[in-house]
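Asker: Encoded as structure tokens, here's the structure I'll be asking about.
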Amino acid sequence: RIKYILAKTGDTPDALAKELDMFTWELLKYNDLTNDSILRQGQVIYIQPKRNKAEFGKNTHTVKEDETLYSISQYYGIKLNKLKKKNNLNSDSINIGSVLNLRIHKFEKK
Numbered sequence: 045r046i047k048y049i050l051a052k053t054g055d056t057p058d059a060l061a062k063e064l065d066m067f068t069w070e071l072l073k074y075n076d077l078t079n080d081s082i083l084r085q086g087q088v089i090y091i092q093p094k095r096n097k098a099e100f101g102k103n104t105h106t107v108k109e110d111e112t113l114y115s116i117s118q119y120y121g122i123k124l125n126k127l128k129k130k131n132n133l134n135s136d137s138i139n140i141g142s143v144l145n146l147r148i149h150k151f152e153k154k
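Here it is as structure tokens:
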């Protein structure tokens, strides 16, 4: 299991990194964030690197209303770029009802 915390109101990547005795760049990288990212209360913030694929048994995800690739990557603890690559996506746009692969590349045989 990847260690994480939940952001509180007013938290910033810099402040959290200092509080957690981490470099800011680590926190940003682990969470696919940028220097100007604004954290929301309750947002999952990983303090260890995310995985390349979801844990065993979590093979696919059906996109629901208000979900984004970022929120899905944070939910499953998967690197955003790996999630996009597994699903042959070039942009961050996804459609409700789309089924995303979380473990196997879209064109790999099972």
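In the working numbering, the protein residues as written are 45 to 154. C-beta atoms are modelled at their ideal positions from N, C-alpha and C, and glycine is treated no differently. Bear in mind the structure is a predicted one, so any value in this text is a computation, not a measurement.
Starting from the Cα of Thr56, find the closest Cα among Ser117, Leu83 and Lys108 and give me that residue.
Answerer: Answer by Cα proximity: Leu83.
Asker: Who are the Cβ neighbours of Leu124 in its own chain at under 7 Å, not counting the five residues just before and after it?
Answerer: Taken in chain order, the residues that qualify are Asp76, Leu113, Tyr114 and Ser117.
Asker: Measuring CA to CA, which of Pro93, Gln85 and Lys129 is closest to Tyr74?
Answerer: The shortest C-alpha separation from Tyr74 is found at Pro93.
Asker: In the DSSP assignment, find the beta strand (DSSP E) that holds Thr106 and state where it starts and stops.
Answerer: Start and end: Thr104 to Thr106.
Asker: Taking Asp80 as the reference, give the member of Gly101, Leu72 and Gln87 with the closest Cα.
Answerer: Of the listed residues, the one whose Cα sits closest to Asp80 is Leu72.
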